[in-house]
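Using the numbering used here, you'd call the opening residue of the sequence shown number 1 and step up by one each time. These notes concern the structure reproduced below.
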Amino acid sequence: MSVLIDSHCHLDLPAFEGDRNAVLSRARQAGVTAVVVPAIGRDNWDAVIALSKATAPVAIGAALGLHPCFAHQEGDLDALAARLQCEANLVALGECGLDAVAGVATMPTQLAMCEAQLQLARQHHLPVILHVRKAHNEMLTLLSRIPLPEGGVVHGFSGSLQQAEQYWRRGFRLGVGGVITYERANKTRQAVARMPAEALLLETDSPDMPLSGHQGQRNEPARVRQVLETLAALRQQPESELATQLTLNAQGLFPRLPIHPPLT
Ligand SMILES: [Zn+2]
């Protein structure tokens with residue numbers, strides 16, 4: 001069975017409190033050897049870091065950031081800068097970004113917060129995990145102004161082929177998740193079918209973004225295999241060949257992500 005990486009899941013959240021290890025064992029059985037857990041705000045940084053240091057059936061990489069859909073206090077950016085100084089094993093900065101639908105702050109404030117975090121990522125040589133909803137133009141403009149040598153990923157990508165290409169040109173990959181299992185997501189399905197495989201990463205965004213057929217249920221990293229199956233079908237590409245490329249992409253973007261050996 002091919003090895004997979006879930007490049008975006010929120011395993012620290014209370015939704016996984018009772019059975020986190022069982023969830024990770026199921027992921028491992030599905031071939032997942034590593035997951036990336038991004039933070040949403042200062043309140044969960046400790047939990048995300050603790051998780052990345054715990055013994056678990058899969059390797060866990062931590063990212064710290066300030067998510068645009070959660071309220072942040074003055075001083076949180078300084079606190080983030082201080083944490084980045086002392087945490088040696090972070091795999092990325094994130095998630096940060098712009099959300100024109102559910103963002104807590106006004107767009108100018110979100111832009112300022114995001115820009116400050118991109119600068120921090122640059123300074124600390126970290127890739128960035130971006131959350132972007134209905135704000136692709138604003139984000140693409142920002143990324144043109146602040147080149148990021150370590151690149152990043154637009155997680156849970158939903159958009160057109162043209163937008164996907166513009167991110168890829170700026171050194172950003174597209175996180176492909178449960179969205180593509182819905183037939184109505186035609187534009188996004190066409191975009192991820194036509195992009196080079198090198199530009200894509202797999203993710204679940206667990207516990208959110210349930211796959212088609214699992215609406216109303218808690219999502220979990222094992223389901224990244226179904227995302228792969230859907231993506232392979234859309235691209236008319238053999239699953240194992242695609243899986244190998246996608247795992248290489250995740251390892252390339254997150255070089256500090258520890259990789260457990262695959263199940264035999
Ligand atoms: Zn997320």
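Beta carbons are placed, not taken as given, at the ideal position from N, Cα and C, and that holds for glycine.
Assigned with DSSP and collapsed to three states, HIS136 falls in helix. Residue nearest to SER2 within the set VAL23, HIS10 and THR33 is THR33 (criterion: CA-CA distance).
Residue pairing from DSSP places PHE172 in a beta bridge opposite GLY152.
Shown here, GLU95 sits in a strand according to DSSP, grouped into three states.
Close CB contacts of ALA191 within its chain, under the 7 Å cut and outside five residues either way in sequence, are with GLY159, SER160, LEU161 and ALA164 (chain order).
Between LEU120 and GLU87, the C-beta gap is not smaller than 8 Å, which leaves the two residues out of contact. For PRO108, the enclosing alpha helix (DSSP H) begins and ends at 107–123. Inclusion of LEU98 and VAL132 in the CB contact set at 8 Å is warranted, their separation being smaller than that value.
Checking the DSSP bridge columns, you'll see HIS131 partnered with GLY97. When Cβ pairs closer than 8 Å are counted between the two stretches, the stretch 20–30 is seen not to touch the stretch 236–244, the count staying below three. Across the structure, MET113 and CYS96 are spaced so that their CA atoms are roughly 8 Å apart.
Assignment of ALA63 by DSSP, reduced to helix, strand and coil, places it in the strand class. CYS9 has SER206 as its beta-bridge partners, per DSSP. The C-beta separation of VAL154 from LEU130 comes to about 5 Å, placing the pair in contact by the 8 Å criterion.
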